[in-house]
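Q:
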Amino acid sequence: MGRISAGACVNGFYDQVVAVLAQHGFSFLKPGKGSHQWWSNGRVKVQVPTHCKSRHTANAVMKQAGIAHKF
22 MGRISAGACV NGFYDQVVAV LAQHGFSFLK PGKGSHQWWS NGRVKVQVPT HCKSRHTANA
82 VMKQAGIAHK F
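Note that the numbering used here numbers the sequence shown so that position 23 is 44, with each residue one more than the last.
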């Protein structure tokens, strides 16, 4: 069995990514294709996978959102 990275929970990093986005003024915009969601702050739209298990993917979402946060 593989090791789970520190900070990852059952949903991976999804809950943490959404919490950081919400703290920076982002809100749920609409569902995306498959297991993805669109979030926006009015000027930037980012697509968030609901099964975000990789910290690298979580960091990529933060970068696209223009948020200086690392997981």
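Just so you know, even glycine gets a beta-carbon here, dropped at the ideal spot from N, CA and C. Just so it is clear, the structure is predicted and the values come from calculations on it, not from any experiment.
1) Within the same chain, show all residues whose beta-carbon is closer than 8 Å to that of Pro52, passing over the 5 residues directly before and after it, in chain order.
2) Return the chain-ordered list of same chain residues with a C-beta closer than 8 Å to the C-beta of Val39, the five sequence neighbours on each side being excluded.
3) Does DSSP put Lys66 in a helix, a strand or coil?
4) Just to confirm my understanding: we take Asn62, look at its own chain, exclude 5 residues before and 5 after, and list those with CB closer than 6 Å. What are they?
5) Output the boundary residues of the alpha helix (DSSP H) element that contains His77.
A: On the basis of the coordinates in this document:
1) Gln58 and Trp59
2) Trp60 and Val69
3) strand
4) Gly46 and Phe47
5) Arg76 to Ala86
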